[in-house]
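Peer 1: Below you'll find the structure I mean.
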Amino acid sequence: MRSGRHGAARPPVGVLIQQDRVDFALFALIFVVALVSMVFTGPGSVAFWLAFLPIIASVVLTFRRIEHLSRLELRDSEFL
């Protein structure tokens with residue numbers, strides 16, 4: 013069995029985002045560019061529907077990055 017704290021509270025999301033601002037800024041930029049392309053092309057265009065792919069990918073990658081950073085934070089706090 014593993015030793016350490018069980019049920020430890022995760023750090024706030026704002027703290028995690030401050031740790032890795034560049035990644036989250038890039039995810040936000042991808043999201044915004046996809047939204048802008050959707051607004052300017054309209055639902056009749058293929059680019060409108062293809063813009064859903066980077067939007068979904070950036071949301072998924074953001075959540076995965078937050079989970080990864082929170083696990084690292086918890087692992088680091090166990091060593092204290």
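Last residue of the sequence shown: number 92 in the numbering used here, and the count goes up by one each step with no gaps.
Cβ atoms here follow ideal geometry from the backbone N, Cα and C, with glycine treated the same way.
The alpha helix (DSSP H) with S49 in it runs from where to where?
Peer 2: Taken as a continuous stretch (DSSP letters only), the alpha helix (DSSP H) holding S49 covers R33 to T53.
Peer 1: Straight-line CA distance for V71 to G56?
Peer 2: Straight-line Cα distance between these residues: approximately 24 angstroms.
Peer 1: Could you give the distance in angstroms between the alpha-carbon of G54 and the alpha-carbon of D88?
Peer 2: Whole-angstrom Cα-Cα distance: 47 angstroms.
Peer 1: If you drop the 5 nearest sequence neighbours on each side, which residues of the same chain put their C-beta closer than 8 angstroms to that of V25?
Peer 2: The answer, listed in chain order, is I78.
Peer 1: Along the alpha helix (DSSP H) that carries A59, what are the first and last residues, could you check?
Peer 2: Its alpha helix (DSSP H) spans residues V58 to L62.
Peer 1: Given V58, which residues of its chain have a CB within under 8 angstroms of its CB, disregarding the five upstream and five downstream residues?
Peer 2: The answer is none, since no qualifying residue turns up.
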